[in-house]
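If you're matching them up, the sequences are chains D and H in order.
So for the first sequence, this note's numbering puts the first residue at 1; every next one is plus one.
So for the second sequence, this note's numbering puts the first residue at 455; every next one is plus one.
C-beta: ideal position from N, C-alpha, C; glycine also.
Notes follow the structure.
Protein chains: 2
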Amino acid sequence: MATSATAIRSTDGQLSAEGLVHRPRIVVIGSGHAGLEACKALSGEDVDVLMVDRNNYHKFQPLLYQVATSGLQTGHICMPVRHIFQQQDNFDFRLATVLGVDLEAQLVHVEEGPPIHYDSLIIGAGASVAYYGVEGAEEHGFPLKNVADAVELRAHVLRCFEEANRNPALIEGGVLNFVIVGGGPTGVEMAGGLRELFDQVLRKDFPGLDLNRVRVILLERADALMLPYKADLQVYTKDALEHIGVDVRLETAVTEVTPTEVRLADGTAILTQTLIWAAGVRANPLADVLSETEGIEQTRGGRLVTDEYLRLPMHPNVFVAGDIAGAADPQGVLYPQVAQVAIQQGIQAAGNAIRAHRGLGPEAFVYNDLGMMATIGRNRAILELPNGTGMKGFVAWCAWVFVHVVKLAGFRNQVAVFFSWVYSYITWDRTPRLIIDVEPETDEIQEPALSVTG
Amino acid sequence: MATSATAIRSTDGQLSAEGLVHRPRIVVIGSGHAGLEACKALSGEDVDVLMVDRNNYHKFQPLLYQVATSGLQTGHICMPVRHIFQQQDNFDFRLATVLGVDLEAQLVHVEEGPPIHYDSLIIGAGASVAYYGVEGAEEHGFPLKNVADAVELRAHVLRCFEEANRNPALIEGGVLNFVIVGGGPTGVEMAGGLRELFDQVLRKDFPGLDLNRVRVILLERADALMLPYKADLQVYTKDALEHIGVDVRLETAVTEVTPTEVRLADGTAILTQTLIWAAGVRANPLADVLSETEGIEQTRGGRLVTDEYLRLPMHPNVFVAGDIAGAADPQGVLYPQVAQVAIQQGIQAAGNAIRAHRGLGPEAFVYNDLGMMATIGRNRAILELPNGTGMKGFVAWCAWVFVHVVKLAGFRNQVAVFFSWVYSYITWDRTPRLIIDVEPETDEIQEPALSVTG
Chain D
1 MATSATAIRS
11 TDGQLSAEGL
21 VHRPRIVVIG
31 SGHAGLEACK
41 ALSGEDVDVL
51 MVDRNNYHKF
61 QPLLYQVATS
71 GLQTGHICMP
81 VRHIFQQQDN
91 FDFRLATVLG
101 VDLEAQLVHV
111 EEGPPIHYDS
121 LIIGAGASVA
131 YYGVEGAEEH
141 GFPLKNVADA
151 VELRAHVLRC
161 FEEANRNPAL
171 IEGGVLNFVI
181 VGGGPTGVEM
191 AGGLRELFDQ
201 VLRKDFPGLD
211 LNRVRVILLE
221 RADALMLPYK
231 ADLQVYTKDA
241 LEHIGVDVRL
251 ETAVTEVTPT
261 EVRLADGTAI
271 LTQTLIWAAG
281 VRANPLADVL
291 SETEGIEQTR
301 GGRLVTDEYL
311 RLPMHPNVFV
321 AGDIAGAADP
331 QGVLYPQVAQ
341 VAIQQGIQAA
351 GNAIRAHRGL
361 GPEAFVYNDL
371 GMMATIGRNR
381 AILELPNGTG
391 MKGFVAWCAW
401 VFVHVVKLAG
411 FRNQVAVFFS
421 WVYSYITWDR
431 TPRLIIDVEP
441 ETDEIQEPAL
451 SVTG
Chain H
455 MATSATAIRS
465 TDGQLSAEGL
475 VHRPRIVVIG
485 SGHAGLEACK
495 ALSGEDVDVL
505 MVDRNNYHKF
515 QPLLYQVATS
525 GLQTGHICMP
535 VRHIFQQQDN
545 FDFRLATVLG
555 VDLEAQLVHV
565 EEGPPIHYDS
575 LIIGAGASVA
585 YYGVEGAEEH
595 GFPLKNVADA
605 VELRAHVLRC
615 FEEANRNPAL
625 IEGGVLNFVI
635 VGGGPTGVEM
645 AGGLRELFDQ
655 VLRKDFPGLD
665 LNRVRVILLE
675 RADALMLPYK
685 ADLQVYTKDA
695 LEHIGVDVRL
705 ETAVTEVTPT
715 EVRLADGTAI
725 LTQTLIWAAG
735 VRANPLADVL
745 SETEGIEQTR
755 GGRLVTDEYL
765 RLPMHPNVFV
775 AGDIAGAADP
785 QGVLYPQVAQ
795 VAIQQGIQAA
805 GNAIRAHRGL
815 GPEAFVYNDL
825 GMMATIGRNR
835 AILELPNGTG
845 MKGFVAWCAW
855 VFVHVVKLAG
865 FRNQVAVFFS
875 WVYSYITWDR
885 TPRLIIDVEP
895 ETDEIQEPAL
905 SVTG
């Protein structure tokens, strides 16, 4: 109790060495795929595991667009962290917003309560939205990273329809123009999801509205959608979206966003009150804080540079996994920011942390690429295997549903809730079209207090 | 298009007499039980029905406490209004907050858009919380009227447990004391629901916390709980709550609420950061506006005085139904503010509106009392029939579940969602224990602009 370090441990509820052996504490920042898998991989180990996140739930990010398009309820894609780990004795959770890390003192600084001491740290803080400096995009655009984003976007879209129904003259002003920026998986899935919400559900909800005046416009800066995929799958994606009525515009860059329109690089503008920003991600701002306060090197997209063992250089007890990690394959290419990489890195980081506590050397991360897939809408999806084999259409869609159902089932163990989810998904039963206002969560973390570095 | 009245009708999307017969428009304020049943009763009639509400969904109020105690998801008890009325051709909906009514000009003034013209009006705006002037109650207490209230309370309760888990010293300061004011159905159901959330779910979520230190305290000013019920059912309710660990305190009045404690009339105080205010309701503030701007008489609880036909005196085309209605039975006793009365009054008001348009005289409202019931917790409920027959315990609970399941099914037609709900309810499967911040909805309506009365 004499030094401030022990005092900190005491307030954290961890006993210091008064007759008890000190178990190493592994702190995991983030409840996303990386953090979740890291904690699971530490099950049964002789360590204390403490996950820190500002939300008390894990969200199944790949289906977040379904919440935004009224397809699923928030509860369908969120699971309380404590529920997931109810059977894991060495697990505890801290609801807190991380402000920064003092690597030398081995402390995680949080907004709520005293700093948290760690013996090993796994940083899986994920990514936030990148606006690339486009004027007005952050202020007026709708991102889609958090549950609150999805609920807010859902409410906004439904309000646009209520507005248009009240006063059809507003349609001229673009109230029913929905513009999505970014032709990657999020943008493509949102475009398809919106089109189906409009054509299959809202068409019945608003019999007095001319639904043919609703426009879904997908803007992509490059000359193709779904860039990492093979060319024929890119073309298929564009054709499939156009088939269901999405206006796809390639080689179209946004220069400015205002409350009433989106301005394009060619000098034209699209009237809209709904600009969905799916154009890119940037590492969680925690990476910037670590760069500023601890001199940690960042790479493309703000990601934290790691060695092949997923460790921060010079800090062998600090691991980075998932979207915030700037780990590179043996050819020096950064791993893609996808769920599979996060899952595998989370497991590897946990394994290397345990090996270190056992006095063993670390193992290099080897990515087992399982391929990639995305859905374009009901019955249409694309899939590409690591060997270059591509699949598209209904078979790919069945594969997509199967994989996502199995993955979701992995963290859901209530059979009835699970089947309700499957039912909702399969039938496109969209009762959650509720306008409930939610305070936006923030991906911004506050500047660390001076004491963090001092 | 010449007069301002026609202009208003045009912007409302209603055609004026250019070759078309003018169909009378019945405007219904409120999407609660009264408004919902009124609109349903108008199905097939040769009128235009327009429901106005600031939420786009009907909520099943009797199960709101289940959302607050993580038992059900919001989507389980909410149904979009447009979904309910998808098959009703003469129905339309306006998402708007009502500011006031100009009874002479037959206009409903709303915050969003131009005023809405009506030929007949049915006011079913419901009730808001009554704080009876208790200092700090509105500021620091948690009401339970809206979906946002329930989501906010749920997040707060879960945060209290997270706080206590982080720093058990806070338990001394009352972070795990949950105080409920009001021993009516809402207070009793909340007390039982919280106790079960704590003992059956959070006990497993927080293995490091001493759950025996969690206190649920129910305060009632009178000398019995569940006042309108027979004495033996009141006693049973108290015994049943105490059996599951609720600290019931009768003849206990609250004088002040602060962020950290509740002060009582006897000079003592209870340390708590969670004061749930279930002590009473008052008519929606729209009633006060009608009193101030239109001179309409109010009775107990601010309710609008009506004649036996549910009409505002002197305004035969304006009907009032549900919690905001101050209708009295032939003995002059006000009807209770319960769902059954709202449902029956909504139907009666709609019927009388139609009769008036057909040139028929109105029919007096006769309440068909079906009895009352309330649940105390799993397997325990009370029930009293109009003839004075009482029931309690497991049989009453089965009856309660049956009635609520049937009623909820009445507005839910998705079999799988419905069974998921039944499953969740029966198994006490509480996965929706999510902390998602919601902006509180407001029951306050703004002061009408001067032009309303001028």
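With its beta carbon at least 9 angstroms from every one in chain D, Gly-800 (chain H) lies outside the interface. Annotation: Cβ neighbours of Lys-204 (chain D) in chain H (cutoff 7 angstroms, chain order): Gln-540.
Beta-bridge partners of Met-845 (chain H) (DSSP): H:Leu-837.
Ala-733 (chain H) sits away from Val-795 (chain H), with the two beta carbons spaced by 9 angstroms or more. Taken in chain order, the members of the region 92-103 of chain D whose beta-carbon sits within less than 9 angstroms of a beta-carbon on chain H are Asp-92, Phe-93, Arg-94, Leu-95, Ala-96. For Gln-298 (chain D), there are no neighbours in chain H by C-beta distance under 9 angstroms, as the nearest C-beta there is about 30 angstroms away. The C-alpha of Ala-105 (chain D) lies about 41 angstroms from the C-alpha of Phe-596 (chain H).
For Asn-631 (chain H), the pairing in a beta bridge is given by DSSP as H:Arg-669. Taking C-beta separations shorter than 7 angstroms and ignoring five residues to either side along the sequence, the partners of Arg-834 (chain H) in its chain run Ala-694, Gly-847, Trp-851, following chain order. With its beta carbon at least 9 angstroms from every one in chain D, Gln-791 (chain H) lies outside the interface. The criterion of a C-beta distance shorter than 9 angstroms is satisfied by Glu-297 (chain D) and Pro-313 (chain D). Under DSSP, Phe-596 (chain H) shares a beta bridge with H:Ile-730.
Among the CB atoms of chain H, none fall inside 9 angstroms of the CB of Asp-46 (chain D). By the C-beta density criterion, Lys-658 (chain H) is exposed, having fewer than 16 other C-beta atoms within 10 angstroms. By the Cβ rule, the region 164-184 of chain D counts as touching the region 214-233 of chain D, because three or more pairs are nearer than 8 angstroms. Burial state of Val-49 (chain D) is buried, judged by a 10 Å Cβ sphere holding 16 or more other Cβ atoms.
One alpha carbon belongs to Leu-310 (chain D), the other to Ala-327 (chain D), and they sit about 6 angstroms apart. In this chain, the alpha helix (DSSP H) harbouring Ser-745 (chain H) covers 740-748.
Rounded to whole angstroms, Ala-339 (chain D) and His-156 (chain D) show a C-alpha spacing of 28 angstroms. Counting only Cβ-Cβ distances below 7 angstroms, Arg-166 (chain D) has contacts in chain H at Arg-548, Gly-567, in chain order. For Gln-73 (chain D), the chain H residues whose C-beta falls within less than 8 angstroms of its own C-beta are Gln-527, Thr-528, Gly-529, listed in chain order.
Where Glu-261 (chain D) is concerned, the enclosing beta strand (DSSP E) starts and stops at 261-264. Fewer than three beta-carbon pairs drawn from the region 287-296 of chain D and the region 257-277 of chain D are found closer than 8 angstroms, and the two stretches are therefore not classed as touching. With contact defined as three or more Cβ pairs closer than 8 angstroms, the region 616-631 of chain H and the region 524-538 of chain H are not in contact.
Per DSSP, the beta bridge partners of Ser-128 (chain D) are D:Arg-282.
Secondary structure remark: continuous alpha helix (DSSP H) runs of at least 4 residues inside the region 292-370 of chain D, in chain order: 339-357.
Judged by pairs of C-beta atoms under 8 angstroms, the region 247-257 of chain D touches the region 210-221 of chain D, as three or more such pairs exist. Here Gly-646 (chain H) is buried. Its C-beta has 16 or more other C-beta atoms within 10 Å. Not flagged as an interface residue toward chain D: Asp-573 (chain H), since no C-beta distance is shorter than 9 angstroms. Contact annotation: Leu-725 (chain H) and Gly-628 (chain H) have beta-carbon atoms nearer than 9 angstroms. Of the candidates H:Asp-720, H:Asp-543, H:Asp-742, H:Asp-720 places its Cα closest to the Cα of Thr-709 (chain H). The C-beta distance from Gly-486 (chain H) to Gly-776 (chain H) rounds to 6 angstroms, short enough to fall under 8 angstroms. Residues of the same chain with a CB within less than 7 angstroms of the CB of Asp-369 (chain D), apart from the 5 flanking positions on each side, are Pro-386 in chain order. Assignment of Leu-153 (chain D) by DSSP, reduced to helix, strand and coil, places it in the helix class.
For Arg-736 (chain H), the number of other beta carbons within 10 angstroms of its own is at least 16, and it is reported as buried.
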